[in-house]
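Input: a single structure, listed below in structure tokens.
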Amino acid sequence: MKTFRDDFLWGGAIAANQTEGAWDTDGKGPNIADVCENGIISGPDETIKPTAYYPSHDAIDFYHRYPDDLKLMSGMGFNAFRLSISWARIFPTGEELEPNESGLKYYDDMLQQMIRLGMKPIITISHYETPLNLAKKYGGWESKQLIPLYLRYAKVLFDRFGKYTKYWMTFNEINGIHLIPWAAGAITLTGSEDHQLNQIYQASHNMFVATAKTIQMAREIIPDEQIGIMLTMSNAAAYPATPKPEDVFQTLEYQRRTFLYGDVELRGHYPAYFNRIVEEHHLSLDITDEELDLISRYTADYLAFSYYRTTTFASGMKILGDTGGLTGIKNPYLPTSAWGWQIDPAGLRYVLNILSDRYEKPMMIVENGLGVIDEVDEDGHIHDEERMRYLADHLKAVQEAIADGCDVIGYTWWAPIDVISAGTGEMKKRYGFIYVDKQNDGSGSLNRSLKDSYFLYKSIIKSNGENLLRYTTDELVAKYLTANDVETDPL
Ligand code: BG6
Numbered sequence: 039m040k041t042f043r044d045d046f047l048w049g050g051a052i053a054a055n056q057t058e059g060a061w062d063t064d065g066k067g068p069n070i071a072d073v074c075e076n077g078i079i080s081g082p083d084e085t086i087k088p089t090a091y092y093p094s095h096d097a098i099d100f101y102h103r104y105p106d107d108l109k110l111m112s113g114m115g116f117n118a119f120r121l122s123i124s125w126a127r128i129f130p131t132g133e134e135l136e137p138n139e140s141g142l143k144y145y146d147d148m149l150q151q152m153i154r155l156g157m158k159p160i161i162t163i164s165h166y167e168t169p170l171n172l173a174k175k176y177g178g179w180e181s182k183q184l185i186p187l188y189l190r191y192a193k194v195l196f197d198r199f200g201k202y203t204k205y206w207m208t209f210n211e212i213n214g215i216h217l218i219p220w221a222a223g224a225i226t227l228t229g230s231e232d233h234q235l236n237q238i239y240q241a242s243h244n245m246f247v248a249t250a251k252t253i254q255m256a257r258e259i260i261p262d263e264q265i266g267i268m269l270t271m272s273n274a275a276a277y278p279a280t281p282k283p284e285d286v287f288q289t290l291e292y293q294r295r296t297f298l299y300g301d302v303e304l305r306g307h308y309p310a311y312f313n314r315i316v317e318e319h320h321l322s323l324d325i326t327d328e329e330l331d332l333i334s335r336y337t338a339d340y341l342a343f344s345y346y347r348t349t350t351f352a353s354g355m356k357i358l359g360d361t362g363g364l365t366g367i368k369n370p371y372l373p374t375s376a377w378g379w380q381i382d383p384a385g386l387r388y389v390l391n392i393l394s395d396r397y398e399k400p401m402m403i404v405e406n407g408l409g410v411i412d413e414v415d416e417d418g419h420i421h422d423e424e425r426m427r428y429l430a431d432h433l434k435a436v437q438e439a440i441a442d443g444c445d446v447i448g449y450t451w452w453a454p455i456d457v458i459s460a461g462t463g464e465m466k467k468r469y470g471f472i473y474v475d476k477q478n479d480g481s482g483s484l485n486r487s488l489k490d491s492y493f494l495y496k497s498i499i500k501s502n503g504e505n506l507l508r509y510t511t512d513e514l515v516a517k518y519l520t521a522n523d524v525e526t527d528p529l
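Position 334 (the sequence shown) corresponds to 372 in the numbering used here; numbering is contiguous.
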């Protein structure tokens with residue numbers, strides 16, 4: 039059976055605003071995440087309230103602790119690491135003519151350390167971190183004025199860090215703008231539903247143009263560059279609730295909310311079904327022929343995406359969304375996490391196949407993970423069985439998809455270390471293989487310790503996924519459930 043390629047990228051993914059802290063250190067300006075007291079779902083505060091607790095302001099202090107944290111990552115055998123660069127560390131208001139050298143130096147040192155430890159950096163240029171000034175002054179990505187400012191920022195990154203890596207992606211979960219417009223597009227929706235859709239599609243278009251121009255520029259600066267787009271795949275991971283034709287077609291319409299982004303940025307043109315959306319919602323978009331030409335010439339090299347769960351749709355139902363994607367009706371065949379996300383490894387195989395058929399591009403799963411409440415036992419161990427099962431089952435599904443013919447080039451778990459939740463700002467919702475002693479109220483020593491899942495992932499990476507073929511999930515979990523004390527690999 040065809041399995042993980044020899045140069046498969048194994049690693050983890052984080053974002054600056056959920057890990058670094060040091061939110062106003064060394065010249066960094068405020069960004070759109072810095073004004074969200076309870077995560078991005080509840081939206082931004084008008085200004086930073088002096089007495090309120092903003093979890094992202096100190097996060098897990100990765101800013102100061104990255105040398106040790108990266109050593110723990112490399113201890114798992116990572117050969118890749120996805121991180122974001124915080125735009126406002128480099129351009130505090132987004133509008134300076136010269137970059138902030140302290141911010142550049144911080145990332146320079148960190149990337150060098152990563153490379154020394156054997157990890158290829160995979161860089162997200164913008165992960166919910168638009169400088170706040172650009173949201174306030176221009177209304178975020180709804181304005182085309184952000185395009186040259188983003189390009190100036192991207193050029194500085196390519197000039198300085200292009201020598202360290204060829205793997206980049208332009209915007210985190212660009213299609214998340216339908217669910218979390220402030221985070222994904224730095225926009226605040228106003229007025230009628232049609233007006234809001236107009237804002238969403240104008241901002242999306244402006245980001246498409248920024249992406250195309252970034253790809254054009256990267257091809258001149260970075261040899262052998264790989265510039266990806268990054269989408270949340272929950273809308274594509276959609277099942278009709280019944281075989282009723284209305285349910286089936288409406289599911290397709292929800293899937294198209296995601297496909298549109300891949301269609302434009304990978305195929306290079308707006309799909310025909312977009313015309314009907316424009317017509318029925320009376321959209322009036324500023325899209326020029328010159329921009330369409332750029333979009334068609336500079337398509338992305340690979341498709342990166344996040345996958346947490348699947349969604350089930352019935353026609354006419356009201357759909358809600360959050361960071362994990364859309365929420366339809368409960369699928370009776372799937373278990374549900376403590377945060378209501380339905381766990382579906384087979385759905386990942388389904389999504390990879392759909393995307394492979396449609397785009398025929400290399401794919402990278404840059405976020406997949408499970409947020410759970412971890413219990414620390416009296417010896418200080420964390421036997422995180424649920425997370426281990428999720429990891430093994432999803433990677434088995436990836437392996438099946440590879441055998442189906444999908445070109446999967448990497449997998450970076452979200453998040454290899456506990457981080458603050460993007461959606462709700464909680465610490466309690468933990469994703470890591472590495473535990474961080476920090477609680478929702480900000481208390482805790484910030485000490486790091488290794489969960490059982492750390493050792494399972496390490497063994498999977500070491501065997502390049504081969505042990506996934508040899509052992510069932512039950513066997514893998516049983517062997518690593520007590521692995522905290524094990525010096526040698528039990529498999
Ligand atoms: C993705 C984001 O939407 O979901 C991450 O790219 C985020 O930044 C992840 O952390 C999980 O969501 P949450 O709300 O559980 O942190």
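Cβ atoms here follow ideal geometry from the backbone N, Cα and C, with glycine treated the same way.
Any non-hydrogen atom of the ligand BG6 closer than 8 Å to residue i Cβ
| i | result |
| --- | --- |
| Q183 | no |
| S344 | yes |
| D125 | In the sequence as displayed, the identity of residue 125 is Trp instead of Asp. W125 Cβ: outside cutoff for every heavy atom of the ligand BG6. |
| E211 | yes |
| A275 | no |
| D456 | no |
| H216 | no |
| W1 | Residue 1 lies beyond the range of the chain shown here (39 to 529); nothing can be said about it. |
| H307 | no |
| D146 | no |
| E167 | no |
| Y469 | yes |
| A224 | no |
| A376 | no |
| T361 | yes |
| T208 | no |
| A54 | no |
Three-state class that DSSP yields for residue i in the structure shown
| i | result |
| --- | --- |
| A256 | helix |
| W451 | strand |
| P528 | Legend: pLDDT at P528 = 46, less than 50; position of this residue unreliable, value from coordinates given subsequently. Coil. |
| P309 | coil |
| L408 | coil |
| S491 | helix |
| I420 | coil |
| G385 | helix |
| V316 | helix |
| A430 | helix |
| D197 | helix |
| I498 | helix |
| I52 | coil |
| T374 | strand |
| N244 | helix |
| D99 | coil |
| M111 | helix |
| L135 | coil |
| E180 | helix |
| R190 | helix |
N- and C-terminal bounds of the beta strand (DSSP E) containing residue i
| i | result |
| --- | --- |
| I70 | Unbroken run through I70: none, as it is neither H nor E. |
| E464 | Segment: none, E464 is in no beta strand (DSSP E) and carries neither H nor E. |
| K158 | 158-164 |
| Q264 | 264-270 |
| S344 | 340-344 |
| M207 | 205-209 |
| D360 | 358-360 |
| F287 | Per DSSP, F287 belongs to no beta strand (DSSP E); it is in the alpha helix (DSSP H), 283-300. |
| A118 | 118-122 |
Span of the alpha helix (DSSP H), counted from its first residue to its last, around residue i
| i | result |
| --- | --- |
| A90 | Where A90 is concerned, there is no enclosing alpha helix (DSSP H), given that its DSSP letter is neither H nor E. |
| M152 | 139-154 |
| W125 | 125-128 |
| I325 | Element bounds for I325: n/a, residue is neither H nor E. |
| A222 | 219-223 |
| R508 | 504-508 |
### Query
Does the region 404-418 come close enough to the region 458-469 to have 3 or more Cβ pairs within less than 8 Å?
yes
### Task
May I ask you to verify whether the region 472-487 touches the region 371-389, counting CB pairs closer than 8 Å and requiring at least 3?
no
### Query
Do the region 275-285 and the region 346-361 touch if we need at least three Cβ pairs shorter than 8 Å?
yes
#### Entry: Contact between the region 485-499 and the region 422-438 (3+ Cβ pairs under 8 Å)
yes
### Query
Should the region 340-351 be regarded as contacting the region 392-404, the criterion being three or more beta carbon pairs within less than 8 Å?
yes
### Message
For the structure I just gave you, are there three or more beta carbon pairs, one from the region 82-97 and one from the region 52-72, closer than 8 Å?
### Response
yes
### Query
Contact between the region 52-68 and the region 496-511: three or more CB pairs below 8 Å?
no
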